[in-house]
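S.K.:
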Amino acid sequence: MIEPVYSAAENRYDTMTYRRSGRSGIKIPVLALGLWHNFGSHKPFQDVKAMAHYAFDKGICHFDLANNYGPEYGTAEENFGRLMDRSFRPYRDELLISTKAGWDMWPGPYGNWGSRKYLMASLEQSLRRMKLDYVDVFYSHRFDPQTPLEETMQALVDIVRQGKALYVGLSRYPYEAAQKAYQYLASHDVPCLLYQDRYNIIDRAPECSGLIDQAQENGTGFISFSPLQQGLLTGRYLNGIPADSRMARGTSLKKDALTPAMLGAIKRLNELAAQRGQSLAQMALSWLIQDTRVTSVIIGASSVGQIEDDLKALDNAAFAHEELQAIETVSSPIQLKRL
Ligand SMILES: NC(=O)c1ccc[n+]([C@@H]2O[C@H](COP(=O)([O-])OP(=O)(O)OC[C@H]3O[C@@H](n4cnc5c(N)ncnc54)[C@H](OP(=O)(O)O)[C@@H]3O)[C@@H](O)[C@H]2O)c1
């Protein structure tokens, strides 16, 4: 069968909000699509394509990847490469594509952490898989306490100098290491574009540790991942654990996360969302978007319908003081502790 040629929706920029990232010149959609789960070799390519096309048609022009997204490692990037070949190539200059290296990718001492050798080799591989000449943002995916910070940062600087990334970012760096990294990068004329961390209604770690304010003070945008706490902050688990859910697969979201206290709080949050005329997923995303310190929010999805639902968060992103207080009252006892 001959596949129809993809043509992006003409009104794709009409409803999305774009925020400037830190003190940079670039604007980022407040909702980005992450390819961690559901975009690898385990998912039919038809589904991958449908979600990516739908997102782009709605103004989600930022796609967030990493070398090891799949599953299997590398296959989300491979599928993104197929998308580039089959539909996205004419839109390359409209896309903000990020990838990362820092977690285990290949065996031996050079396939993990933060050495220059790993970061350089990993980005080469990512570019080949994604069929790209450059990425827009390349992240150090985690702080490596065994490698001099200067080595990791200089690798990022050189990657930009080589034209293989336009900007760089940091993910999950502790406060002090992040400060040194910001200073190193800025003093080498490669200011850090984005700091990426998990932040949502029930995980406030980057707020408590000062990482969000620190990013802002350093002119770096803050981008939240797992804004729905991998699906917990949605209607997905209100009535049990669906067979096709991330929790049922038991890889990164374990069943023991759904304690009776958590389930009770999710049900209460769901009622608060209903009072706002929103789904729980929408309220969780609106809660992040209303905070202007948050440049963007990277959602995950397993269907077009979920992206459609999530996008409606943009329609009602303002909260009354009482609504925010009610969310605090419900969420504070179950907030995850990871400081
Ligand atoms: N830097 C890092 O270390 C790091 C770490 C993790 C993630 N990330 C990035 O952040 C992205 C997002 O992470 P995440 O996937 O954990 O995000 P998330 O948005 O918290 O969770 C996504 C999951 O929530 C469920 N969902 C989404 N919308 C829904 C809706 N409207 N109704 C019901 N369920 C809904 C789906 O679960 P089901 O699959 O069960 O349907 C979906 O797979 C990743 O793809 C990656 O790009 C970065």
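For the sequence shown, the numbering used here begins at 404 and goes up steadily by one. Just so you know, even glycine gets a beta-carbon here, dropped at the ideal spot from N, CA and C.
1) Is the beta carbon of W439 within less than 7 angstroms of some heavy atom of ligand 1?
2) Starting from the Cα of S629, find the closest Cα among C595, I702 and D536 and give me that residue.
3) So S627 packs on V571, CB below 8 angstroms; how close in whole Å?
4) Who are the near neighbours of R422 in its chain, counting only those whose CB is closer than 7 angstroms to its CB and skipping five residues on each side?
5) What first and last residue would you give for the alpha helix (DSSP H) that runs through Q617?
6) Return helix, strand or coil for H445, following the three-state DSSP convention.
7) Got a sec: does ligand 1 put a non-hydrogen atom nearer than 7 angstroms to the Cβ of P630?
8) Sort out for me which residues DSSP pairs A684 with in a bridge.
9) Report whether the distance from the Cβ of H544 to the nearest heavy atom of ligand 3 is below 7 angstroms.
10) Give me the Cα-Cα distance between K446 and S590, rounded to the nearest whole angstrom.
11) So the beta strand (DSSP E) Y570 belongs to, where does it begin and stop?
12) Quick check on this structure: which residue in E711, E497 and G680 has the alpha carbon closest to the alpha carbon of A721?
13) What residue does the beta strand (DSSP E) around L390 start on, and which one ends it?
14) Shorter than 7 angstroms, the distance from the beta carbon of T654 to the closest heavy atom of ligand 1, or not?
15) Please determine whether the Cβ atom of T637 lies at a distance below 7 angstroms from any heavy atom of ligand 1.
16) Buried or exposed: where does Q728 fall if 16 or more other Cβ atoms within 10 Å of its Cβ makes it buried?
17) Which of the three DSSP states is assigned to P474 in this structure?
M.R.: Quick answer:
1) yes
2) I702
3) Not quite, the Cβ-Cβ distance comes to about 18 angstroms (not below 8 angstroms), so this is no contact.
4) K430, I431, V433, T698 and S699
5) L614 to E620
6) coil
7) yes
8) Its beta-bridge partners do not exist; DSSP assigns none.
9) Among the ligands modelled here, namely ligand 1, ligand 3 does not occur.
10) 43 angstroms
11) A568 to S574
12) G680
13) This structure does not reach residue 390, given that the chain is present from 404 up to 742, and the question cannot be answered.
14) no
15) yes
16) exposed
17) coil
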